[in-house]
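Reviewing the structure listed below.
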Amino acid sequence: MENALSPSPAGEIAGRVASLYVYPIKSCRGISLSEASLTPTGFRWDRNWLIVNSKGRGLTQRVEPKLSLIEVEMPKHAFAQDWEPDNNSNMVVRAPGMDVLMVSLAKPEKIADGVSVWEWFGSALDEGEEASNWFTTFVGKPCRLVRFDSDSETRPVDPNYAPGHFAMFSDMYPFLLISQGSLDALNELLKKPVPISRFRPNILVDGCEPFAEDLWTEILIDNFTFHGVKLCSRCKVPTINQDTGIGGEEPIETLRSFRSDKVLQPQKKPQGKIYFGQNMVLKDGFGDGITKTIEIGDSVFVLGKLSSPTEAAT
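Next comes the structure, spelled out in C-alpha coordinates:
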(Lines of atoms letter the chains of each structure in order from A and count residues from 1; the text may use other names and numbers.)
(Lines give C-alpha, C1' and ligand atoms only; values in the text may rest on other atoms or scores of the structure.)
Protein backbone atom coordinates (compact mmCIF):
# COMPACT_ATOMS: atom_id res chain seq x y z
CA MET A 1 0.00 0.00 0.00
CA GLU A 2 1.23 3.49 -0.78
CA ASN A 3 1.90 5.70 2.22
CA ALA A 4 2.22 8.93 0.30
CA LEU A 5 1.14 10.43 -2.97
CA SER A 6 4.02 10.35 -5.40
CA PRO A 7 4.41 12.26 -8.65
CA SER A 8 3.87 10.32 -11.85
CA PRO A 9 4.29 11.23 -15.49
CA ALA A 10 0.99 9.45 -16.13
CA GLY A 11 -1.13 12.40 -15.11
CA GLU A 12 -2.32 14.75 -12.43
CA ILE A 13 -2.60 13.26 -8.93
CA ALA A 14 -6.18 13.70 -7.78
CA GLY A 15 -6.04 11.97 -4.41
CA ARG A 16 -6.16 8.45 -3.08
CA VAL A 17 -8.64 5.67 -2.57
CA ALA A 18 -10.21 6.18 0.85
CA SER A 19 -12.83 3.39 0.89
CA LEU A 20 -14.01 0.47 -1.22
CA TYR A 21 -17.46 -1.12 -1.09
CA VAL A 22 -19.29 -4.08 -2.57
CA TYR A 23 -22.99 -4.88 -2.36
CA PRO A 24 -23.37 -8.63 -3.00
CA ILE A 25 -27.18 -8.51 -2.90
CA LYS A 26 -28.57 -5.57 -4.83
CA SER A 27 -30.14 -2.93 -2.55
CA CYS A 28 -28.98 -4.62 0.66
CA ARG A 29 -26.20 -3.33 2.89
CA GLY A 30 -22.70 -3.07 1.54
CA ILE A 31 -19.41 -4.47 2.76
CA SER A 32 -16.42 -2.21 3.33
CA LEU A 33 -13.15 -3.65 1.99
CA SER A 34 -9.46 -2.91 2.33
CA GLU A 35 -8.89 -4.26 -1.19
CA ALA A 36 -11.24 -5.24 -3.99
CA SER A 37 -10.78 -7.57 -6.96
CA LEU A 38 -11.55 -6.02 -10.33
CA THR A 39 -13.58 -7.73 -13.01
CA PRO A 40 -15.01 -6.24 -16.23
CA THR A 41 -18.49 -6.23 -14.65
CA GLY A 42 -17.45 -4.53 -11.39
CA PHE A 43 -15.81 -5.58 -8.15
CA ARG A 44 -15.95 -9.29 -7.50
CA TRP A 45 -19.24 -10.27 -5.80
CA ASP A 46 -20.78 -6.84 -6.40
CA ARG A 47 -24.51 -7.10 -7.20
CA ASN A 48 -24.20 -10.81 -8.01
CA TRP A 49 -27.56 -11.45 -6.33
CA LEU A 50 -30.99 -9.91 -6.78
CA ILE A 51 -34.23 -10.20 -4.82
CA VAL A 52 -37.17 -10.56 -7.22
CA ASN A 53 -40.93 -10.43 -6.69
CA SER A 54 -43.51 -12.96 -7.89
CA LYS A 55 -43.22 -11.58 -11.44
CA GLY A 56 -39.44 -11.86 -11.50
CA ARG A 57 -38.93 -8.13 -11.24
CA GLY A 58 -35.93 -6.99 -9.22
CA LEU A 59 -36.69 -5.28 -5.92
CA THR A 60 -34.78 -2.22 -4.74
CA GLN A 61 -34.95 0.20 -1.84
CA ARG A 62 -36.96 2.55 -4.02
CA VAL A 63 -40.00 0.33 -3.41
CA GLU A 64 -38.83 -1.72 -0.43
CA PRO A 65 -36.71 0.57 1.78
CA LYS A 66 -36.43 -2.09 4.49
CA LEU A 67 -33.95 -3.91 2.23
CA SER A 68 -31.42 -1.47 3.72
CA LEU A 69 -31.66 -3.45 6.98
CA ILE A 70 -30.42 -6.70 5.42
CA GLU A 71 -26.77 -7.35 6.27
CA VAL A 72 -24.57 -9.55 4.10
CA GLU A 73 -21.38 -11.27 5.17
CA MET A 74 -19.01 -13.10 2.85
CA PRO A 75 -16.29 -15.61 3.82
CA LYS A 76 -13.15 -14.00 5.20
CA HIS A 77 -11.04 -14.66 2.12
CA ALA A 78 -13.77 -14.22 -0.51
CA PHE A 79 -12.32 -10.95 -1.75
CA ALA A 80 -8.79 -12.24 -2.23
CA GLN A 81 -7.80 -12.38 -5.86
CA ASP A 82 -7.37 -16.14 -6.22
CA TRP A 83 -9.99 -17.39 -3.74
CA GLU A 84 -12.56 -19.86 -5.01
CA PRO A 85 -15.57 -21.12 -3.03
CA ASP A 86 -15.98 -24.75 -2.08
CA ASN A 87 -19.07 -26.69 -1.03
CA ASN A 88 -18.75 -25.34 2.53
CA SER A 89 -18.54 -21.67 1.50
CA ASN A 90 -21.58 -19.56 2.36
CA MET A 91 -22.89 -16.02 2.15
CA VAL A 92 -24.45 -15.16 5.52
CA VAL A 93 -27.57 -12.98 5.48
CA ARG A 94 -29.04 -11.30 8.58
CA ALA A 95 -31.95 -8.96 9.27
CA PRO A 96 -33.82 -7.75 12.38
CA GLY A 97 -36.19 -10.37 13.77
CA MET A 98 -34.97 -13.06 11.36
CA ASP A 99 -32.94 -16.23 11.80
CA VAL A 100 -29.60 -16.25 10.02
CA LEU A 101 -29.78 -17.38 6.38
CA MET A 102 -26.87 -19.30 4.85
CA VAL A 103 -26.63 -19.15 1.07
CA SER A 104 -24.16 -21.55 -0.51
CA LEU A 105 -21.64 -19.94 -2.84
CA ALA A 106 -21.66 -23.08 -4.94
CA LYS A 107 -23.71 -22.20 -8.00
CA PRO A 108 -27.27 -23.55 -7.83
CA GLU A 109 -28.59 -25.71 -10.64
CA LYS A 110 -32.17 -24.42 -10.75
CA ILE A 111 -32.89 -21.73 -13.33
CA ALA A 112 -35.29 -18.83 -12.80
CA ASP A 113 -36.66 -17.56 -16.11
CA GLY A 114 -38.26 -14.18 -16.70
CA VAL A 115 -36.00 -12.20 -14.38
CA SER A 116 -35.87 -8.45 -15.05
CA VAL A 117 -33.99 -5.48 -13.66
CA TRP A 118 -34.56 -2.12 -15.32
CA GLU A 119 -34.21 -2.63 -19.08
CA TRP A 120 -32.78 -6.15 -18.87
CA PHE A 121 -34.69 -9.43 -19.15
CA GLY A 122 -33.18 -12.88 -18.91
CA SER A 123 -32.70 -15.94 -16.76
CA ALA A 124 -30.82 -16.29 -13.49
CA LEU A 125 -29.83 -18.99 -11.00
CA ASP A 126 -32.47 -19.63 -8.33
CA GLU A 127 -31.12 -19.93 -4.78
CA GLY A 128 -33.93 -22.21 -3.66
CA GLU A 129 -36.85 -22.44 -1.27
CA GLU A 130 -35.10 -21.66 2.01
CA ALA A 131 -33.84 -18.34 0.67
CA SER A 132 -37.21 -17.65 -0.96
CA ASN A 133 -39.06 -18.23 2.32
CA TRP A 134 -36.60 -16.06 4.24
CA PHE A 135 -36.94 -13.05 1.94
CA THR A 136 -40.69 -13.57 1.57
CA THR A 137 -41.07 -13.43 5.35
CA PHE A 138 -38.88 -10.37 5.78
CA VAL A 139 -40.22 -8.34 2.85
CA GLY A 140 -43.82 -9.40 3.44
CA LYS A 141 -44.59 -10.49 -0.12
CA PRO A 142 -43.55 -13.43 -2.32
CA CYS A 143 -39.83 -13.13 -3.16
CA ARG A 144 -37.01 -15.21 -4.51
CA LEU A 145 -33.25 -14.74 -4.37
CA VAL A 146 -31.53 -15.18 -7.72
CA ARG A 147 -27.90 -15.06 -8.80
CA PHE A 148 -26.57 -13.67 -12.05
CA ASP A 149 -25.78 -16.51 -14.43
CA SER A 150 -22.57 -15.29 -16.01
CA ASP A 151 -22.12 -18.57 -17.88
CA SER A 152 -25.17 -18.00 -20.05
CA GLU A 153 -26.21 -14.35 -19.71
CA THR A 154 -24.73 -10.92 -20.34
CA ARG A 155 -26.15 -7.54 -19.44
CA PRO A 156 -24.79 -4.77 -21.68
CA VAL A 157 -24.64 -1.24 -20.32
CA ASP A 158 -26.11 1.57 -22.41
CA PRO A 159 -24.19 1.35 -25.73
CA ASN A 160 -24.70 5.08 -26.25
CA TYR A 161 -22.32 5.70 -23.36
CA ALA A 162 -20.07 2.65 -23.01
CA PRO A 163 -20.36 0.22 -25.92
CA GLY A 164 -18.86 -3.19 -25.30
CA HIS A 165 -19.14 -3.02 -21.52
CA PHE A 166 -21.30 -5.17 -19.25
CA ALA A 167 -22.68 -5.25 -15.71
CA MET A 168 -24.39 -7.77 -13.47
CA PHE A 169 -27.30 -6.47 -11.35
CA SER A 170 -25.92 -2.96 -10.67
CA ASP A 171 -28.22 -0.14 -11.72
CA MET A 172 -26.50 0.82 -14.96
CA TYR A 173 -22.70 0.61 -14.87
CA PRO A 174 -20.04 -1.56 -13.20
CA PHE A 175 -18.52 1.10 -10.91
CA LEU A 176 -19.69 4.22 -9.08
CA LEU A 177 -17.06 6.66 -7.82
CA ILE A 178 -17.67 9.56 -5.40
CA SER A 179 -15.22 11.88 -3.68
CA GLN A 180 -15.12 12.65 0.02
CA GLY A 181 -14.89 16.31 -0.96
CA SER A 182 -18.29 16.10 -2.65
CA LEU A 183 -19.85 14.48 0.42
CA ASP A 184 -18.27 17.09 2.70
CA ALA A 185 -19.55 19.94 0.51
CA LEU A 186 -23.05 18.51 0.65
CA ASN A 187 -22.94 17.93 4.40
CA GLU A 188 -21.93 21.53 5.01
CA LEU A 189 -25.32 22.52 3.59
CA LEU A 190 -27.38 19.96 5.50
CA LYS A 191 -28.81 20.42 8.98
CA LYS A 192 -28.05 16.77 9.64
CA PRO A 193 -25.03 15.30 7.79
CA VAL A 194 -25.48 12.05 5.91
CA PRO A 195 -22.96 9.18 5.61
CA ILE A 196 -21.57 7.97 2.32
CA SER A 197 -23.67 4.79 2.65
CA ARG A 198 -26.68 6.80 1.45
CA PHE A 199 -25.08 6.97 -2.02
CA ARG A 200 -23.82 3.38 -2.28
CA PRO A 201 -20.54 3.99 -4.14
CA ASN A 202 -17.93 1.37 -4.97
CA ILE A 203 -14.97 3.73 -4.76
CA LEU A 204 -14.58 6.71 -2.41
CA VAL A 205 -11.68 9.03 -3.26
CA ASP A 206 -10.22 11.57 -0.83
CA GLY A 207 -7.88 14.48 -1.43
CA CYS A 208 -9.59 16.20 -4.36
CA GLU A 209 -11.83 19.23 -4.66
CA PRO A 210 -15.60 18.81 -4.26
CA PHE A 211 -17.18 17.38 -7.42
CA ALA A 212 -13.81 17.08 -9.16
CA GLU A 213 -14.98 13.62 -10.25
CA ASP A 214 -17.62 15.24 -12.48
CA LEU A 215 -14.83 16.14 -14.88
CA TRP A 216 -12.85 12.90 -14.91
CA THR A 217 -13.00 11.12 -18.26
CA GLU A 218 -10.08 8.81 -17.53
CA ILE A 219 -8.29 7.92 -14.31
CA LEU A 220 -5.59 5.50 -13.28
CA ILE A 221 -5.71 3.51 -10.02
CA ASP A 222 -2.79 1.13 -9.44
CA ASN A 223 -2.14 0.94 -13.19
CA PHE A 224 -5.77 0.15 -14.02
CA THR A 225 -7.57 2.61 -16.26
CA PHE A 226 -11.16 3.63 -15.55
CA HIS A 227 -13.29 5.62 -17.96
CA GLY A 228 -15.79 8.17 -16.64
CA VAL A 229 -19.01 7.32 -18.47
CA LYS A 230 -21.61 9.77 -17.21
CA LEU A 231 -22.74 11.59 -14.10
CA CYS A 232 -24.86 9.44 -11.80
CA SER A 233 -28.46 10.62 -11.63
CA ARG A 234 -29.94 9.98 -8.20
CA CYS A 235 -33.27 8.48 -7.21
CA LYS A 236 -34.95 8.48 -3.78
CA VAL A 237 -32.53 5.94 -2.22
CA PRO A 238 -30.21 8.62 -0.74
CA THR A 239 -33.21 9.86 1.28
CA ILE A 240 -33.47 6.47 3.05
CA ASN A 241 -31.71 6.14 6.38
CA GLN A 242 -29.64 2.99 5.86
CA ASP A 243 -29.72 2.19 9.59
CA THR A 244 -33.49 2.41 10.00
CA GLY A 245 -34.98 1.92 6.53
CA ILE A 246 -36.99 5.13 6.98
CA GLY A 247 -37.12 7.70 4.17
CA GLY A 248 -37.20 11.49 4.26
CA GLU A 249 -36.63 14.55 2.07
CA GLU A 250 -32.90 15.03 2.44
CA PRO A 251 -30.34 15.10 0.99
CA ILE A 252 -32.17 15.16 -2.35
CA GLU A 253 -33.91 18.47 -1.69
CA THR A 254 -30.63 20.20 -0.92
CA LEU A 255 -28.90 18.53 -3.87
CA ARG A 256 -31.68 19.80 -6.12
CA SER A 257 -30.65 23.37 -5.35
CA PHE A 258 -27.12 23.01 -6.76
CA ARG A 259 -26.75 19.59 -8.40
CA SER A 260 -29.72 19.46 -10.75
CA ASP A 261 -29.35 19.32 -14.53
CA LYS A 262 -30.98 22.75 -14.64
CA VAL A 263 -28.12 24.19 -12.56
CA LEU A 264 -25.19 22.16 -13.91
CA GLN A 265 -26.14 22.25 -17.59
CA PRO A 266 -28.39 25.28 -18.12
CA GLN A 267 -27.89 25.13 -21.88
CA LYS A 268 -29.75 21.81 -22.09
CA LYS A 269 -33.45 21.14 -21.69
CA PRO A 270 -33.92 20.13 -18.03
CA GLN A 271 -35.06 16.58 -17.32
CA GLY A 272 -35.46 17.05 -13.57
CA LYS A 273 -32.39 14.95 -12.77
CA ILE A 274 -30.04 15.35 -9.80
CA TYR A 275 -26.42 14.25 -10.04
CA PHE A 276 -23.98 12.95 -7.44
CA GLY A 277 -21.03 10.76 -8.40
CA GLN A 278 -19.50 9.44 -11.60
CA ASN A 279 -20.39 6.14 -13.28
CA MET A 280 -17.31 4.31 -14.53
CA VAL A 281 -16.18 1.31 -16.53
CA LEU A 282 -12.86 -0.47 -16.50
CA LYS A 283 -10.96 0.05 -19.75
CA ASP A 284 -8.34 -2.65 -19.26
CA GLY A 285 -8.99 -5.98 -20.89
CA PHE A 286 -9.04 -9.25 -18.94
CA GLY A 287 -8.11 -12.60 -20.36
CA ASP A 288 -9.55 -15.89 -19.09
CA GLY A 289 -11.44 -14.19 -16.27
CA ILE A 290 -8.25 -13.08 -14.52
CA THR A 291 -8.93 -10.56 -11.76
CA LYS A 292 -6.74 -7.81 -10.38
CA THR A 293 -7.07 -5.73 -7.23
CA ILE A 294 -7.02 -2.13 -6.04
CA GLU A 295 -6.76 -1.17 -2.38
CA ILE A 296 -7.25 1.63 0.09
CA GLY A 297 -4.36 4.09 -0.17
CA ASP A 298 -3.82 3.65 -3.90
CA SER A 299 -3.13 6.93 -5.68
CA VAL A 300 -5.66 8.20 -8.20
CA PHE A 301 -4.20 9.85 -11.29
CA VAL A 302 -6.31 11.88 -13.70
CA LEU A 303 -5.36 11.12 -17.30
CA GLY A 304 -8.17 13.06 -18.93
CA LYS A 305 -10.78 15.52 -17.78
CA LEU A 306 -13.33 18.03 -18.98
CA SER A 307 -13.08 21.76 -18.43
CA SER A 308 -16.50 22.19 -16.82
CA PRO A 309 -19.60 20.18 -15.77
CA THR A 310 -21.48 21.59 -18.75
CA GLU A 311 -19.50 19.17 -20.94
CA ALA A 312 -20.17 16.10 -18.78
CA ALA A 313 -22.27 13.27 -20.15
CA THR A 314 -25.60 12.90 -18.38
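For the sequence shown, numbering that gives the first Met the number 0 assigns the number 0 to the initial residue and increments by one for each residue that follows. Heads up, the beta-carbon is just placed ideally off N, CA and C, and yes, glycines get one too.
If you count every other CB in all the chains shown that lies within 10 Å of the CB of A311, and 16 or more means buried, which is it?
As a position in the sequence shown, residue 311 is number 312, starting the count at 1. Buried is the call here.
CA nearest to the CA of N240, picked from C234, S232, E249
Counted from its first residue, the sequence shown places residue 240 at position 241. Selected option, being the one with the closest Cα: E249.
Could you check what DSSP says for D205 in three-state terms: helix, strand or coil?
The residue you call residue 205 lines up with position 206 of the sequence shown. Of the three classes helix, strand and coil, the one that applies to D205 here is strand, per DSSP.
For my contact list, L293 and I220 are in at a C-beta cut-off of 8 Å; report their separation, rounded to the angstrom.
The residue given as residue 293 occupies position 294 in the sequence shown. The residue given as residue 220 occupies position 221 in the sequence shown. The sequence shown places Ile at residue 293, not Leu. Between I220 and I293 the Cβ distance is about 5 Å, and since that is below 8 Å, they are a contact.
With distances taken between CB atoms, is the gap from F147 to F168 smaller than 7 Å?
For the purposes of this step, residue 147 is taken as the residue at position 148 of the sequence shown. For the purposes of this step, residue 168 is taken as the residue at position 169 of the sequence shown. Yes, Cβ-Cβ distance for F147 and F168 is below 7 Å.
Measure the C-alpha to C-alpha separation of L49 and V145 and round it to an integer number of angstroms.
Start at 1 with the first residue of the sequence shown, and residue 49 comes out as number 50. Start at 1 with the first residue of the sequence shown, and residue 145 comes out as number 146. Their Cα atoms are separated by approximately 5 Å.
Just mark Q80 as buried or exposed, buried being the case when its beta carbon has 16 or more other beta carbons within 10 Å.
Residue 80 sits at position 81 when you count from the first residue of the sequence shown. Exposed is the call here.
Just the Cα atoms here: how many angstroms apart are P173 and R46?
By one-based count along the sequence shown, residue 173 stands at place 174. By one-based count along the sequence shown, residue 46 stands at place 47. If I take the Cα positions, the gap works out to 9 Å.
DSSP-derived helix/strand/coil call for E72
Your numbering for residue 72 matches position 73 in the sequence shown. Three-state result, E72: strand.
Quick one: using the 10 Å Cβ neighbour count with 16 as the cut-off for buried, is V71 buried or exposed?
Residue mapping note: residue 71 aligns to position 72 of the sequence shown, counting from 1. Under this definition V71 is a buried residue.
Roughly how many whole angstroms lie between the Cα atoms of F225 and Q266?
Residue numbering aside, residue 225 sits at position 226 when the sequence shown is read from its first letter. Residue numbering aside, residue 266 sits at position 267 when the sequence shown is read from its first letter. Computed Cα separation, rounded: 28 Å.
Which residues share a DSSP beta bridge with G127?
Position 128 of the sequence shown, counted from the start, is the residue given in the question as residue 127. None; G127 has no bridge partner.
Coil, strand or helix - E1 by DSSP:
Sequence index remark: in the sequence shown, residue 1 carries index 2 (1-based). Any reading at E1 needs caution, since the residue's pLDDT is 40, under 50, leaving its predicted position unreliable; the model's value is listed next. In this structure, E1 counts as coil in the three-state DSSP scheme.
Distance, Cα to Cα, L281 vs E212?
Within the sequence shown, the letter at position 282 stands for residue 281. Within the sequence shown, the letter at position 213 stands for residue 212. So the two alpha carbons sit approximately 16 Å from each other.
Taking Cβ positions, are F198 and P141 nearer each other than 7 Å?
As a first step, residue 198 must be located in the sequence shown, where it is residue number 199. As a first step, residue 141 must be located in the sequence shown, where it is residue number 142. No.
With 16 other CB atoms within 10 Å as the buried threshold, where does K109 fall?
Locating residue 109 in the sequence shown gives position 110, where the first residue counts as 1. The residue is exposed, with fewer than 16 neighbouring Cβ atoms inside 10 Å.
Between G218 and V299, which are expected to be in contact by the criterion C-beta below 8 Å, what is the C-beta distance as a whole number of angstroms?
Locating residue 218 in the sequence shown gives position 219, where the first residue counts as 1. Locating residue 299 in the sequence shown gives position 300, where the first residue counts as 1. Correcting the residue type first, residue 218 is Ile in the shown sequence and not Gly. About 6 Å separates the two Cβ atoms, so the contact holds.
Below 8 Å on the Cβ atoms is my guess for V102 versus E126; work out the distance and round it to an integer in Å.
The residue labelled residue 102 in the question sits at position 103 within the sequence shown. The residue labelled residue 126 in the question sits at position 127 within the sequence shown. At roughly 6 Å, the Cβ-Cβ gap stays under 8 Å, so V102 and E126 are in contact.
Our contact map puts P158 next to L175 with C-beta atoms below 8 Å; I'd like the distance itself, whole angstroms only.
Here residue 158 corresponds to residue number 159 of the sequence shown, with the count starting at 1. Here residue 175 corresponds to residue number 176 of the sequence shown, with the count starting at 1. Their Cβ separation, rounded to whole angstroms, is 19 Å, which puts P158 and L175 out of contact at 8 Å.
Coarse secondary structure for K65, derived from DSSP in three states
Position 66 of the sequence shown, counted from the start, is the residue given in the question as residue 65. K65 falls in the helix class under three-state DSSP.
For the alpha helix (DSSP H) containing I195, list its first residue and its last residue.
Sequence index remark: in the sequence shown, residue 195 carries index 196 (1-based). Here I195 belongs to no alpha helix (DSSP H), and DSSP marks it neither H nor E.
Can you tell me whether G113 is buried or exposed? The criterion is at least 16 other CB atoms within 10 Å of its CB, across all chains shown.
Translated into the one-based positions of the sequence shown, residue 113 becomes position 114. Exposed.
Which of helix, strand or coil does DSSP assign to S256?
Within the sequence shown, residue 256 is the residue found at index 257, counting from 1. Reduced to three states, the DSSP call for S256 is helix.
Which one of T309, R43, L305, G246 has the shortest CA to CA distance from L317?
This structure cannot settle anything about residue 317, because the visible part of the chain is limited to 0 through 313.
Cβ pair R61, C234 closer than 7 Å
Your numbering for residue 61 matches position 62 in the sequence shown. Your numbering for residue 234 matches position 235 in the sequence shown. Contact flag set, yes.
Spatial neighbours of I30 in its chain, beta-carbon cut-off 6 Å, leaving aside the 5 residues before and after
For the purposes of this step, residue 30 is taken as residue 31 along the sequence shown, with counting starting at 1. The residues are V21.
Take N132 as the anchor and find which of I202, S151, L100, D150 has the nearest alpha-carbon.
Residue mapping note: residue 132 aligns to position 133 of the sequence shown, counting from 1. N132 has its Cα closest to that of L100, out of I202, S151, L100, D150.
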